[in-house]
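One structure is given here, and the rest of the page talks about it.
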Amino acid sequence: MSHTAMLTFDGHNDLLLNLWLHHRDAPAAAFFNGIERGHLDFPRMQQGGFAGGLFAIFVPPLAYITQMAPHHAEQPYQPLEIMWQQLDILQQIAACSHGRAKLCRSAAEIAECRASGVLALVAHIEGADALDGEGELLTEFYQAGVRSIGPFWNLPNRFGYGVNGRFPASPDTGDGLTAEGKAFIQQANALHMMIDVSHMNEKAFWDTARLSCAPLVATHSNAHALCAQPRNLTDAQLEAIRASGGVVGINFGNAFLRADGKRDSDTPLAEIVKHCDHLLRTMGPEHVALGSDFDGISTPDALGDVSGLPRLFAALRDAGYDQALSEKLAWGNWQRVLQQTWQQ
Ligand code: ZN
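Here it is in C-alpha cells:
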C-alpha cells in the first residue's frame, strides 16, 4: 500500500454482481489475482487503502443479465437462488483468502480486521424483491451472515416503490411503504439489521424514519441540492438522517455528482468534494462517509477505480480537510453507525 493511502471502509459496491456475471466458476481466484473489468479486486484495493465495506447482493432484471452475460441467461431466472449464489461468492472470498479477508458479523470484528490488516467484508442485500412478507428469508439471510438490507432497487416490489424518475426530478416519485413494507422495517429492526434508505422514494423514506428505531443510513447517495437526481437526498432528508444519528455514504457515480446529471466521466474530483462539503454543512462531521458504488456506476476519470482513492483524499486535504476529519469520513463514521445499529 502506498504511504499516502488512507484505510477506508466503503458503504456500497457491486463486486459480487461483477463476479457472478463474469467469474462464476472461480470468483475468489479472479478477485485475488485481479479482474480486468470494473473497479474492484484485491490488488487494487490494497493499492487504494480499501480495507472494508458493504458488499451488495443484487439481482438485476433478466434483461440486464441477458445483455451482460448472454451465456447465463439460458438458465431459468431464479432471483432467490441468485442471492444465495452471490452470498456464497462472498463466503468463498473469505474462505480462499488465506487470512487476508473475513466475513464480519459485528462491529468488533470490523475493528479487529482493521487492526490486523484483514479486508473486512460485510454482506448487504440491495433489493428485497425475492423475500417473503413474513421475514422468514430475512432471518435466514441474517443467520447466514447478512447484516444490512435495502428493501428496494429502482423498481416496485411487495414492500413499496423504489425511487424511479429521470433527471432532474424530486425523490417524491410515488407511494411509500406498503403494509408489508412497514412490517419489513420492523422485522429488520428486530434482527438489528441495518436498513438502507438509498433507493427509497421520499414517502418510503419518511415512513421508514417514523417506524425505524435504528439510525437512518443511506449507503450510496448524494446531495439533491447539488445534483437533482431523484436518488439523491434533499436537505430535509439529510437533516432527518443527522437527527437519527445516521450516515450518508457519498456515491462516486458521475450521474449522481454532476449538476447537469450527465454520465460524463470528465468530472473533476472537486465535484465529490462539493458533495462532502454540502453534507458536512448540513449534517456535521459525524454523519458523512463514503459509499462509492464501485462496479455499479461510471466514475470520474480523475478517480478511476479503487486504486485512485488516495487521489480523493489528496483532494480533500487540498480543500482543507484535516486528518481527523478525513479519518471519520474514511472509517470512523461507518464504524460508529454499524456498532450502534447492530447492538441495539
Ligand atoms: Zn444502488
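Residue numbers (our numbering): 887 to 1230.
Glycine is no exception: its CB is placed at the ideal position from the N, C-alpha and C atoms.
How would you label H889, buried or exposed, when you count the other beta carbons within 10 angstroms and need 16 or more for buried? Indexing the sequence shown from 1 puts residue 889 at position 3. Its pLDDT being 49, under 50, H889 is placed unreliably in this model, and the coordinates cannot settle the point.
How about R1144 and E1157: do their beta carbons lie closer than 8 Å? For the purposes of this step, residue 1144 is taken as residue 258 along the sequence shown, with counting starting at 1. For the purposes of this step, residue 1157 is taken as residue 271 along the sequence shown, with counting starting at 1. Yes, the pair counts as a contact, with Cβ atoms nearer than the cut-off.
I'd like the list of long-range same chain contacts for R1149, defined as Cβ closer than 6 Å, with 5 residues on each side in sequence excluded. Within the sequence shown, numbered from 1, the residue matching residue 1149 stands at position 263. N1140, A1141 and S1184.
Helix, strand or coil: how does DSSP classify H1010 here? Your numbering for residue 1010 matches position 124 in the sequence shown. Reduced to three states, the DSSP call for H1010 is strand.
L976 versus A916: straight-line alpha-carbon distance, rounded: On the sequence shown, residue 976 is found 90 positions in, with the first residue counted as 1. On the sequence shown, residue 916 is found 30 positions in, with the first residue counted as 1. Going by the C-alpha atoms only, they are around 12 Å apart.
Do you know offhand how far M1080's Cα is from I1011's? The count along the sequence shown starts at 1 and reaches residue 1080 at position 194. The count along the sequence shown starts at 1 and reaches residue 1011 at position 125. Straight across, the Cα-Cα distance linking M1080 with I1011 is about 10 Å.
Mind checking whether L893 and G935 have CB atoms under 8 Å apart? Locating residue 893 in the sequence shown gives position 7, counting from the first residue. Locating residue 935 in the sequence shown gives position 49, counting from the first residue. Taking 8 Å as the Cβ cut-off, L893 and G935 qualify as a contacting pair.
Which residues does DSSP list as the beta-bridge partners of M1086? Your numbering for residue 1086 matches position 200 in the sequence shown. In DSSP, M1086 forms a bridge with G1048.
Quick one: residues in its chain with C-beta nearer than 6 Å to the C-beta of N904, no 5 flanking neighbours on either side, listed in chain order? The sequence position of residue 904 within the sequence shown is 18, counting from 1. Around N904: G924 and D1181.
Using 8 Å as the limit for Cβ to Cβ distance, is N1219 near chain C? This model lacks chain C altogether, as it is built from one protein chain only.
Measure the C-alpha to C-alpha separation of N1219 and A949 and round it to an integer number of angstroms. Residue numbering aside, residue 1219 sits at position 333 when the sequence shown is read from its first letter. Residue numbering aside, residue 949 sits at position 63 when the sequence shown is read from its first letter. Approximately 37 Å between the Cα atoms of the pair.
Whether A1313 touches H1164 by CB criterion (8 Å): With the chain running from 887 to 1230 in the structure shown, residue 1313 is simply not present.
For F1027, write down the residues that DSSP places opposite it in a beta bridge. For the purposes of this step, residue 1027 is taken as the residue at position 141 of the sequence shown. The bridge partners DSSP lists for F1027 come to none.
Please find out if some non-hydrogen atom of the ligand GTP comes closer than 7 Å to the beta-carbon of S1084. For the structure depicted, the ligand GTP is absent and the ligand set comprises only the ligand ZN.
Cβ-heavy atom distance, E1066 to the ligand ZN, below 7 Å: Within the sequence shown, residue 1066 is the residue found at index 180, counting from 1. Within the chosen limit of 7 Å, the ligand ZN does not reach the beta carbon of E1066 with any heavy atom.
Which residues does DSSP list as the beta-bridge partners of T894? Counting from 1 along the sequence shown, the entry for residue 894 is found at position 8. Note: T894 sits in a beta bridge opposite F936.
With DSSP as the reference, please indicate the residues paired to A1175 in a beta bridge. Reading the sequence shown from its first residue, position 289 is the one you call residue 1175. Residue pairing by DSSP places A1175 opposite G1135 in a beta bridge.
Beta-carbon spacing of V1049, P1057 below 8 Å: Reading the sequence shown from its first residue, position 163 is the one you call residue 1049. Reading the sequence shown from its first residue, position 171 is the one you call residue 1057. Against a cut-off of 8 Å, the Cβ pair of P1057 and V1049 comes out as a contact.
Alpha-carbon to alpha-carbon, P1154 and M887: One-based indexing of the sequence shown puts residue 887 at position 1. One-based indexing of the sequence shown puts residue 1154 at position 268. With a pLDDT of only 43 at M887, under 50, the local geometry of the prediction cannot be trusted, and the value read off the model is given with reservation. Roughly 24 Å between the two C-alpha positions.
Looking at A987: is its Cβ nearer than 8 Å to the Cβ of L973? On the sequence shown, position 101 is the one that residue 987 refers to. On the sequence shown, position 87 is the one that residue 973 refers to. Against a cut-off of 8 Å, the Cβ pair of L973 and A987 comes out as no contact.
Length of the line joining the Cα atoms of D1179 and D900: On the sequence shown, position 293 is the one that residue 1179 refers to. On the sequence shown, position 14 is the one that residue 900 refers to. Roughly 7 Å separates the two Cα atoms.
Applying the criterion that 16 or more other CB atoms from any shown protein chain within 10 Å of the CB defines a buried residue, is E1020 buried or exposed? For the purposes of this step, residue 1020 is taken as residue 134 along the sequence shown, with counting starting at 1. With a 10 Å radius around the Cβ and a threshold of 16 neighbouring Cβ atoms, E1020 comes out exposed.
At 4 residues or longer, and completely inside the segment 1147 to 1221: list those alpha helix (DSSP H) runs for me, N to C. Fully enclosed alpha helix (DSSP H) runs of no fewer than 4 residues occupy 1156 to 1169, 1195 to 1204 and 1209 to 1213 of the segment 1147 to 1221, in order along the chain.
State buried or exposed for P1116, treating a residue as buried only when at least 16 other CB atoms are found within 10 Å of its CB. For this step, residue 1116 is matched to residue 230 along the sequence shown. Its Cβ being crowded by 16 or more others within 10 Å, P1116 is buried.
Pairs of beta-carbons, one from the segment 1071 to 1090 and one from the segment 1111 to 1130, closer than 8 Å: are there three or more? With contact defined as three or more Cβ pairs closer than 8 Å, the segment 1071 to 1090 and the segment 1111 to 1130 are in contact.
Which of the three DSSP states is assigned to F941 in this structure? As a working note, residue 941 is residue 55 in the sequence shown. Here F941 sits in strand by DSSP.
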